[in-house]
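Novice: First, the structure itself, so that you have it in front of you.
In the UniProt record's numbering, the protein residues as written are 1 to 48.
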């Protein structure tokens with residue numbers, strides 16, 4: 001089902017919400033069950 005946006009700001013907000021979800025809430029089995037941001041944070045702390 002496609003969403004229709006009548007205002008640029010609605011579209012922009014929806015894209016920003018999706019990017020936040022994709023980077024912060026989406027869990028990846030390949031990343032040991034972490035979101036991409038959690039994985040990068042954990043990896044950078046381990047390397048430091």
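Every residue gets a Cβ at the ideal spot worked out from N, C-alpha and C, and that includes glycine.
Ignore the nearest five residues each way along the sequence and tell me which others in residue 26's own chain have a CB closer than 8 Å to its CB.
Specialist: Only 35, 36 meet the Cβ criterion.
Novice: Could you round the C-beta distance between residue 5 and residue 16 to whole angstroms and report it? I think they count as a contact, below 8 Å.
Specialist: Contact doesn't hold; Cβ gap of about 13 Å is too wide.
Novice: Pull up the distance between the alpha-carbon of residue 43 and that of residue 31, whole angstroms please.
Specialist: C-alpha separation (whole angstroms): 10 Å.
Novice: Per the DSSP calculation, residue 34 is bridged to which residue(s)?
Specialist: Answer by DSSP bridge pairing, in chain order: 28.
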